[in-house]
Amino acid sequence: LDEEAWLGVQQVAETAGREHSIERALERMLTYWRGAELDIAPHAASRSQVLRAMEEVQAAMDEHTARCLALAASPYAKPVEEALANLLVSLRIATDTLDAWFGVQRGWLHLQPLFAAADIVTAMPAEARR
């Protein structure tokens, strides 16, 4: 090969390598989320269940959101652009959902003992059974 052809081959190989690196990073993130589970446990004072703290999952959501944004900004992300956008949307929805869930749960855990009090159970039996 002459020098110009060799440079063209090198450029194609470099582009393919960078695209492959982005594809592998995306696949690692998708693999993580395929195996992720919510940690739900029974609440001792009621018949309800609560979502336990999910620091690892929340940290992974933050990290993967930032990583998706960085990867999507690369000129080599074109082959997986749609998959990165879909993962980013899913991460944002999951983050918003968990934030809302924990907010409601915090309020419920704070108020639940009040509704379990004997005078409330007597005054509002239907509501106390919920």
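In this text, residue positions in the sequence shown follow the numbering used here: the first is 26, and each later residue adds one. Note that the Cβ used here is the ideal one computed from N, Cα and C, for glycine as well.
- With 16 or more other CB atoms across the displayed protein chains lying within 10 angstroms of its CB, L96 is buried.
- If you draw a straight line from the Cα of V105 to the Cα of P150, it is about 56 Å long.
- Where L112 is concerned, the enclosing alpha helix (DSSP H) starts and stops at 106 to 141.
- Assignment of beta-bridge partners to L55 by DSSP yields no partner.
- Beyond the five residues adjoining it in sequence on each side, S71 comes within less than 8 Å, by CB distance, of Q137, A141 in the same chain, given in chain order.
- In the structure shown, the three-state DSSP call for A78 is coil.
- Per DSSP, reduced to three states, the secondary structure at A102 is coil, with no helix or strand assignment.
- Between R53 and V114, the alpha-carbon positions lie close to 17 Å from each other.
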